[in-house]
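Read through the structure below, which is laid out as structure tokens, and then see the notes.
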């Protein structure tokens, strides 16, 4: 018992250090990138104010923001505030970045979670079907479908879904996370769900191909093994074999892969949120980039890196559970 | 076609695909700017014989715009994937032949680059370079080399353990000589196939990011921009402006993907088995 707790602490310490170094590196790269930008954030900020600003006021803003200080000093300043939990104020929303990220992440999380579960379930199911009908007609057709889907850009699929389901069939609303003109607290859960379905399906549709092809490969490997041959010789039927030998061996690798795909999930949600004008982190990222909202852009980038890192960490831990050999080498 | 063997069939098919791609590309480049100037008289027309893809809200012919946009996107995609592939080769070789420290550093750096979602990173780089074509190009080139670099690293590690490399070293050949005469020639197929398979990713990301409004200016009819314009009119039922250009993009991407697969089969017959 004591050994397990010690090992757990060890594992979490290693991953903690790894994630912190990764985030530090990302923050440095991001900070340098926004600093070299020829786009002047002060000018964008002033344009956003909508009023004329005298040169004196401009100097004041510059001084307040510390634009003319050297890069390292600015970075240290930003970092020390970040550690205290202050991520600065967004230039377009005029509110603390941390608040915006927190609020929008809830929306994005709902979207990504739905899409993640959906794509996992659909992908796993299709992968099982493909594996069971290996090299026969259903397998061939589904494989073609998977390859085609991975060549479709997310935003175009979103557009087509919008066209078919919202404009023609009128099943779903066009965009936003709730009806327009209704206060946030008056929106029912049902309405929120209604607005969530289409973007979630778009996102899920884009990512199930990967998991399906992976599951197929694993299942084919299992079905070609000797213990399955023996099971068949004992007279077990096809679907019994899938239940007894197949699922147990392929479920966990599939789950691992799902956790490792957080980067694609986040990237896809940027596109899906923009097409459906869904108020999540992705649309905030695009808006921040387009309107030169440097604090928000920095915050979202760091947050997305953290999100991906957590997914990768879970995937690595799961690998250890599946295959103890990896754990001994890696841990 | 039937009485030819499979390899010849694949070669013919590949040549045919290449011709189609080059035709689309050069046709798109050759369309003059005034061919896509529209008049309001012909605005918002559904597809017809005169306008196979219909016209947009400003009366511009969407078929010509799409082809022109395809050429722009293909230029960006080709340039970006080439830069990416070259970076991948350098990084991969450096990781495999350098010291343990260099290898670890490069692997860590790849983890960092892959740790940020590509779309966010491209937005960031595009912002850093002041948006526009240059930002888009650098952004896509800087995000796509990672997986190819890992592949090439593995390949080089495997090549370096071959007997003929060991013999060369014993004969006193320098590291550079071995690199040029033994390693690089073996990397050519990996490089070419990797380059072509990078292209679909590059072009899809290019379309996505210009759809978001980064990258190319609105006058340039890149596919992403045509599609983002079409979004404004989607509620009025102009389905053709959203569906047909997107479909063209998907077809081109599928074609290039298939081309890459076929080339791999031609260059490395062993991989054709799976």
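Residue numbers (the working numbering), protein chains in the order written: chain A, 65 to 395; chain B, 803 to 1076. Backbone N, C-alpha and C define an ideal beta-carbon position, used for all residues, glycine too. Keep in mind the model is a prediction, meaning the values are calculated, not measured.
Where does residue i fall in DSSP's three states?
{"i": "residue 1002 of chain B", "result": "helix"}
{"i": "residue 1059 of chain B", "result": "helix"}
{"i": "residue 134 of chain A", "result": "coil"}
{"i": "residue 167 of chain A", "result": "helix"}
{"i": "residue 119 of chain A", "result": "helix"}
{"i": "residue 300 of chain A", "result": "coil"}
{"i": "residue 160 of chain A", "result": "strand"}
{"i": "residue 153 of chain A", "result": "strand"}
{"i": "residue 863 of chain B", "result": "strand"}
Measure the alpha-carbon distance for residue i versus residue j and round it to whole angstroms.
{"i": "residue 296 of chain A", "j": "residue 809 of chain B", "result": "37 Å"}
{"i": "residue 118 of chain A", "j": "residue 124 of chain A", "result": "10 Å"}
{"i": "residue 317 of chain A", "j": "residue 309 of chain A", "result": "14 Å"}
{"i": "residue 329 of chain A", "j": "residue 967 of chain B", "result": "43 Å"}
{"i": "residue 91 of chain A", "j": "residue 347 of chain A", "result": "21 Å"}
{"i": "residue 1006 of chain B", "j": "residue 305 of chain A", "result": "40 Å"}
{"i": "residue 41 of chain A", "j": "residue 936 of chain B", "result": "This structure leaves residue 41 of chain A out entirely; chain A is present only between 65 and 395."}
{"i": "residue 371 of chain A", "j": "residue 200 of chain A", "result": "40 Å"}
{"i": "residue 80 of chain A", "j": "residue 812 of chain B", "result": "50 Å"}
{"i": "residue 106 of chain A", "j": "residue 126 of chain A", "result": "7 Å"}
{"i": "residue 913 of chain B", "j": "residue 320 of chain A", "result": "17 Å"}
{"i": "residue 132 of chain A", "j": "residue 157 of chain A", "result": "24 Å"}
{"i": "residue 87 of chain A", "j": "residue 926 of chain B", "result": "16 Å"}
{"i": "residue 1026 of chain B", "j": "residue 862 of chain B", "result": "16 Å"}
{"i": "residue 864 of chain B", "j": "residue 1063 of chain B", "result": "31 Å"}
{"i": "residue 142 of chain A", "j": "residue 84 of chain A", "result": "16 Å"}
{"i": "residue 104 of chain A", "j": "residue 363 of chain A", "result": "18 Å"}
{"i": "residue 225 of chain A", "j": "residue 830 of chain B", "result": "28 Å"}
{"i": "residue 957 of chain B", "j": "residue 110 of chain A", "result": "53 Å"}
Can you tell me whether residue i is buried or exposed, with buried defined as 16 or more other CB within 10 angstroms of its CB?
{"i": "residue 376 of chain A", "result": "buried"}
{"i": "residue 285 of chain A", "result": "exposed"}
{"i": "residue 393 of chain A", "result": "No answer about residue 393 of chain A holds up, because its pLDDT of 46 lies below 50 and its placement is not dependable."}
{"i": "residue 1034 of chain B", "result": "exposed"}
{"i": "residue 149 of chain A", "result": "exposed"}
{"i": "residue 68 of chain A", "result": "exposed"}
{"i": "residue 982 of chain B", "result": "exposed"}
{"i": "residue 74 of chain A", "result": "exposed"}
{"i": "residue 279 of chain A", "result": "buried"}
{"i": "residue 165 of chain A", "result": "buried"}
{"i": "residue 1050 of chain B", "result": "buried"}
{"i": "residue 282 of chain A", "result": "buried"}
{"i": "residue 1069 of chain B", "result": "exposed"}
{"i": "residue 128 of chain A", "result": "exposed"}
Taking only beta-carbon positions, decide if residue i is within less than 8 Å of chain B.
{"i": "residue 394 of chain A", "result": "Unreliable positioning characterises residue 394 of chain A in this predicted model, as indicated by a pLDDT of 43, which lies under 50. The coordinate reading is nonetheless provided below. So no, residue 394 of chain A is outside the interface."}
{"i": "residue 338 of chain A", "result": "yes"}
{"i": "residue 284 of chain A", "result": "no"}
{"i": "residue 215 of chain A", "result": "yes"}
{"i": "residue 220 of chain A", "result": "yes"}
{"i": "residue 354 of chain A", "result": "yes"}
{"i": "residue 335 of chain A", "result": "yes"}
{"i": "residue 368 of chain A", "result": "yes"}
{"i": "residue 330 of chain A", "result": "yes"}
{"i": "residue 324 of chain A", "result": "no"}
Assuming residue i contacts residue j under a Cβ cut-off of 8 Å, what Cβ separation, rounded to an integer in Å, is found between them?
{"i": "residue 353 of chain A", "j": "residue 827 of chain B", "result": "The pair is not a contact, with the Cβ atoms about 30 Å apart (cut-off 8 Å)."}
{"i": "residue 175 of chain A", "j": "residue 263 of chain A", "result": "6 Å"}
{"i": "residue 898 of chain B", "j": "residue 959 of chain B", "result": "5 Å"}
{"i": "residue 1011 of chain B", "j": "residue 938 of chain B", "result": "6 Å"}
{"i": "residue 921 of chain B", "j": "residue 253 of chain A", "result": "With 8 Å as the limit, residue 921 of chain B and residue 253 of chain A do not qualify as a contact, their Cβ atoms being about 29 Å apart."}
{"i": "residue 929 of chain B", "j": "residue 361 of chain A", "result": "7 Å"}
{"i": "residue 1056 of chain B", "j": "residue 215 of chain A", "result": "5 Å"}
{"i": "residue 821 of chain B", "j": "residue 223 of chain A", "result": "30 Å between Cβ atoms; not a contact."}
{"i": "residue 1058 of chain B", "j": "residue 980 of chain B", "result": "Not quite, the Cβ-Cβ distance comes to about 34 Å (not below 8 Å), so this is no contact."}
Check whether chain A comes within 8 Å of residue i, counting only Cβ atoms and requiring the distance to be less than that.
{"i": "residue 1052 of chain B", "result": "yes"}
{"i": "residue 823 of chain B", "result": "no"}
{"i": "residue 893 of chain B", "result": "no"}
{"i": "residue 812 of chain B", "result": "no"}
{"i": "residue 925 of chain B", "result": "yes"}
{"i": "residue 920 of chain B", "result": "yes"}
{"i": "residue 847 of chain B", "result": "no"}
{"i": "residue 905 of chain B", "result": "no"}
{"i": "residue 1002 of chain B", "result": "yes"}
{"i": "residue 982 of chain B", "result": "no"}
{"i": "residue 1048 of chain B", "result": "yes"}
{"i": "residue 855 of chain B", "result": "no"}
{"i": "residue 1022 of chain B", "result": "no"}
{"i": "residue 1044 of chain B", "result": "yes"}
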